[in-house]
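The opening position of the sequence shown corresponds to residue 466 in the working numbering, with each subsequent residue numbered one higher.
Every residue gets a Cβ at the ideal spot worked out from N, C-alpha and C, and that includes glycine.
Treat the numbers as computed from the prediction; the structure is a model and nothing was measured.
Shown next, in structure tokens, is the structure this report addresses.
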Amino acid sequence: MGEPTPADTRLAIMIYGYGDDQAEVIKEGLSKAMGGPVDVIGADGRTGDTVFAVVDDGPAGIFEARDDRLCMFLGFDRDQIHEAIIRFPVSEDLPRPIFCVLTESNAEWTVERLIAHLIEERENFVRMQHEHKHGNGCDCGHDHGPGHQHKHE
């Protein structure tokens, strides 16, 4: 990651958890943000396949709205990833995904394993934020969203 993308390599994303209309909005938004076409690969319906197999099949695929969503950047350099995350289309009808990149390790995972891993990472991150704000061992069970005041007794 971080190396320039060859001029003949198109940018692409693999997404999971978005319906057809949402996938089109994402494609249009990121293509505009990146100043050129961004191909979209759908991973829905392919959770038992390896990430590499899904990516290797190229653009298209199945797009189904789900509770868990991911967006994997393919062929983006570090600056492009940063820009794409900032300019990812935002609306009530388009929840933000968990963002990730293709690595040598996760290329061999099934899509299902990738999703489970990303969800676990997100949960660990949220827990660490909670512990940083409220101290280790806080098991109050409250939702500690932004602005929530919590007093330990």
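Item, Value
"Secondary structure of residue 498, DSSP reduced to three states", "helix"
"Three-pair Cβ contact test at 8 angstroms for the stretch 546–560 versus the stretch 568–582", "no"
"Residue span of the alpha helix (DSSP H) that contains residue 579, given as start and end", "576–599"
"Segment limits, alpha helix (DSSP H) that includes residue 521", "516–521"
"Residue 592 classed as buried or exposed, judged by whether at least 16 other C-beta atoms fall within 10 angstroms", "exposed"
"From 478, 483, 484, residue whose alpha carbon lies closest to that of residue 499", "478"
"Terminal residues of the alpha helix (DSSP H) in which residue 508 lies", "No alpha helix (DSSP H) holds residue 508; the beta strand (DSSP E) holding it covers 503–508."
"Integer-rounded CB distance, given that residue 513 should sit under 8 angstroms from residue 480", "Not a contact, Cβ separation roughly 17 angstroms."
"Endpoints, alpha helix (DSSP H) assigned at residue 549", "543–551"
"Short Cβ contact (8 angstroms threshold) for residue 629 with residue 534", "Residue 629 falls outside the range modelled here, since the chain spans only 466 to 618, and no answer is possible."
"Nearest residue (CA-CA) to residue 503, options 482, 488, 510, 543", "488"
"Bridge-paired residues (DSSP) for residue 538", "478, 566"
"Rounded straight-line distance, which links the Cα of residue 570 to that of residue 515", "11 angstroms"
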